[in-house]
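Protein chains: 2
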Amino acid sequence: MSVAKIRLYVDHPLGAGQSVPLSRDQAHYLFGVMRLAAGGQVLVFNGRDGEWLAEVAEAGKKGGTLACRAQTRPLQPLPDLWLLFAPIKKARTDFIVEKAAEMGAARIVPVQTEFTNSERIRQDRLQAHAVEAAEQCGATNVAEVAELTRLDRLLADWPAERQLMFCDESLAAAPAPAAAPHVPEGAPWAILIGPEGGFSEAERKRLAALPQAHPTALGPRILRADTAAVAALTLWQMRHGDWR
Amino acid sequence: MSVAKIRLYVDHPLGAGQSVPLSRDQAHYLFGVMRLAAGGQVLVFNGRDGEWLAEVAEAGKKGGTLACRAQTRPLQPLPDLWLLFAPIKKARTDFIVEKAAEMGAARIVPVQTEFTNSERIRQDRLQAHAVEAAEQCGATNVAEVAELTRLDRLLADWPAERQLMFCDESLAAAPAPAAAPHVPEGAPWAILIGPEGGFSEAERKRLAALPQAHPTALGPRILRADTAAVAALTLWQMRHGDWR
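Given below as structure tokens:
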């Protein structure tokens, strides 16, 4: 039996014998683009029930049904990690969301800083990028993309137990600090990537006053925000996450 | 005195009082786009003499001259690190070159593997991306982009002292190996990112037989080649490079 190569995120319960209805877009993709017919195989996941092998039960132009056969993998929980970043140009913002999803962030939060240029994002479009990245990278869950949130409000109400790895390009010349030794294993974390225009003085003060904040340098060169996001996620995953 | 914000790579010797001729493109950028006039300040670097503050001596539509004033930073050598990758779609190939330059690779080598789809690259266009990334990230030198090279030929003639960190998506489930302990400090290295179509059996055998090769897993998810490039460069810089 050949292994199904197509992976599809579905917002529906999965279990042995479970029938899963397809949306119009999913039907178009499976039957129009990928040319699957009845009996064709797909891997599905919903972020809760792991990954399942499913077969096409009905194939139509505007919809269809899958039938779940067997679980292929259990749910592999993502680390409790948020990625906060200030939206930049569209292509680079899309890229950050795709990369954060691939790198295993559980929640992606676009933040509005004082020097953020872009003031609107399309949350639904970014969420679709996160879904596509999860389908592509073999994850069994999908990062949640939040609505654009003001950084000052987020910091004013920062959860007491959540650590914050705060990447600041003004630290580019500083030596990389060692891993934070006093943080309990398994603590929730967030990574904050500085906006390309830098933080304001008020933002810097607020961050400096936050006891959960860990200023972190990402090498001696000044990285673009999208590079910094992948590099910071790598550093975090190696120190605290599921790359260890 | 305000600090010059514009950074420009020039292929010309730099030193106190040195006069630096500008190309037509550079003149267009400085005088047409950035609106600099005589006396305006620019930071220049050439990959050999560090970074210098220079002033516009002559500004014309088709050219101009800068006069070097003072060295602002010495040359900061890049680690002796190559990044080898199989070219993919144009935007993602551009991205890999930009990111490799930002992350401090000294040499970027597009490689043709058995399963590489793209068979041609524009070396000059990719080199221009590397220059732009160096200007942007504050580096004092520019990564060299090589012509497309066949992987089998490269491996057949692999330099004895150069270590090879070889990132293979088939290792995604394997635990990350510890840093290679027997490699001498300061040894030259290369990172090889697996092509999106995977390696062929012959390529796998050749890599397995190479004593300098270090198979490396990049976490439990399957990363796209562009994500893998940034993640692998981060991992390498933290273990062996200038992020320590």
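In the order they appear, the protein sequences are chains A and B.
Here the working numbering is used: the first residue of the first sequence is 865, the next is one more, and so on.
Here the working numbering is used: the first residue of the second sequence is 865, the next is one more, and so on.
In this text, a Cβ means the ideal position worked out from N, Cα and C, and glycines have one as well.
Original post:
Could you give the distance in angstroms between the alpha-carbon of residue 1037 of chain B and the alpha-carbon of residue 888 of chain A?
Top reply: Within the second sequence, residue 1037 of chain B is the residue found at index 173, counting from 1. Within the first sequence, residue 888 of chain A is the residue found at index 24, counting from 1. Model confidence at residue 1037 of chain B stands at a pLDDT of 48, short of 50, so the residue's coordinates are unreliable; what they give is reported in the following sentence. Roughly 34 Å between the two C-alpha positions.
Original post:
Residues bridged to residue 1078 of chain A by DSSP?
Top reply: The residue given as residue 1078 of chain A occupies position 214 in the first sequence. In the DSSP output, where bridge partners are listed per residue, residue 1078 of chain A has A/1029.
**OP:** Report buried or exposed for residue 901 of chain A, applying the criterion of at least 16 other Cβ atoms within 10 angstroms of its Cβ.
**Re:** Within the first sequence, the letter at position 37 stands for residue 901 of chain A. Exposed is the call here.
Original post:
Is the segment 1010-1017 of chain A in contact with the segment 1085-1094 of chain A, if contact means three or more CB pairs nearer than 8 Å?
Top reply: no
**OP:** Could you please tell me which residues of the segment 1079-1104 of chain A, in chain order, have their CB closer than 7 Å to any CB of chain B?
**Re:** 1083, 1084, 1085, 1086, 1087, 1088, 1091, 1094, 1095, 1098, 1099, 1101, 1102
Original post:
Which residues bound the alpha helix (DSSP H) around residue 832 of chain B?
Top reply: The first residue shown for chain B is 865 and the last is 1108, placing residue 832 of chain B beyond what the model contains.
**OP:** Identify whether residue 903 of chain A lies in helix, strand or coil by the three-state DSSP scheme.
**Re:** Counting from 1 along the first sequence, the entry for residue 903 of chain A is found at position 39. It is coil, neither helix nor strand.
Original post:
What are the residues that DSSP puts in a beta bridge with residue 929 of chain B?
Top reply: Your numbering for residue 929 of chain B matches position 65 in the second sequence. Paired residue(s): B/885, B/922.
Original post:
Hey, would you say residue 1054 of chain A sits closer than 9 Å to residue 1028 of chain A, going by beta carbons?
Top reply: Locating residue 1054 of chain A in the first sequence gives position 190, counting from the first residue. Locating residue 1028 of chain A in the first sequence gives position 164, counting from the first residue. Going by C-beta atoms, residue 1054 of chain A is nearer than 9 Å to residue 1028 of chain A.
Original post:
By how many angstroms is the C-alpha of residue 1087 of chain A removed from the C-alpha of residue 877 of chain B?
Top reply: Within the second sequence, numbered from 1, the residue matching residue 877 of chain B stands at position 13. Within the first sequence, numbered from 1, the residue matching residue 1087 of chain A stands at position 223. One C-alpha to the other measures close to 27 Å.
**OP:** Quick one: using the 10 Å Cβ neighbour count with 16 as the cut-off for buried, is residue 903 of chain B buried or exposed?
**Re:** For the purposes of this step, residue 903 of chain B is taken as the residue at position 39 of the second sequence. The residue in question, residue 903 of chain B, is exposed, as its Cβ has fewer than 16 Cβ neighbours within 10 Å.
Original post:
Grouping DSSP H, G and I as helix and E and B as strand, with all else coil, what is residue 1094 of chain B?
Top reply: If you number the second sequence from 1, residue 1094 of chain B lands on position 230. Note: residue 1094 of chain B maps to helix in three-state DSSP.
Original post:
Are residue 894 of chain A and residue 886 of chain A closer than 9 Å when you measure CB to CB?
Top reply: Residue mapping note: residue 894 of chain A aligns to position 30 of the first sequence, counting from 1. Residue mapping note: residue 886 of chain A aligns to position 22 of the first sequence, counting from 1. Cβ atoms of residue 894 of chain A and residue 886 of chain A: closer than 9 Å.
Original post:
Any residues in the segment 921-950 of chain A with a beta carbon nearer than 8 Å to a beta carbon of chain B? Which ones, in chain order?
Top reply: 940
Original post:
Taking only beta-carbon atoms, is residue 869 of chain B less than 9 Å away from chain A?
Top reply: Residue 869 of chain B sits at position 5 when you count from the first residue of the second sequence. No, residue 869 of chain B lies away from the interface with chain A (no Cβ there is under 9 Å from its Cβ).
Original post:
Looking only at C-alpha atoms, which of B/883, B/963, B/955, B/999 sits nearest to residue 922 of chain B?
Top reply: Position 58 of the second sequence holds residue 922 of chain B. For residue 922 of chain B, the nearest C-alpha among the options comes from B/883.
**OP:** Report the residue from A/899, A/927, A/897, A/942 whose alpha carbon sits nearest the alpha carbon of residue 914 of chain A.
**Re:** On the first sequence, residue 914 of chain A is found 50 positions in, with the first residue counted as 1. Nearest C-alpha to residue 914 of chain A: A/942.
**OP:** Name, in chain order, the residues that DSSP records as bridge partners for residue 935 of chain B.
**Re:** Counted from its first residue, the second sequence places residue 935 of chain B at position 71. In DSSP, residue 935 of chain B forms a bridge with B/916.
Subject >> Start-to-end residues for the beta strand (DSSP E) that takes in residue 975 of chain A >> reply: Counted from its first residue, the first sequence places residue 975 of chain A at position 111. Note, residue 975 of chain A: beta strand (DSSP E), 971-976.
Original post:
Whose Cβ in chain B lies nearer than 8 Å to the Cβ of residue 967 of chain A?
Top reply: The residue labelled residue 967 of chain A in the question sits at position 103 within the first sequence. Under the 8 Å cutoff, chain B gives 1083, 1085, 1087, 1091, 1095.
Original post:
Under 8 Å Cβ-Cβ, which residues of chain A neighbour residue 1031 of chain B?
Top reply: Numbered from 1 along the second sequence, position 167 holds the residue referred to as residue 1031 of chain B. By Cβ distance, chain A contributes nothing, its closest Cβ being about 12 Å from residue 1031 of chain B, past 8 Å.
Original post:
Taking buried to mean at least 16 other C-beta atoms within 10 Å of its own C-beta, is residue 938 of chain A buried or exposed?
Top reply: Stepping through the first sequence from its first residue, residue 938 of chain A is reached at position 74. Its Cβ having fewer than 16 others within 10 Å, residue 938 of chain A is exposed.
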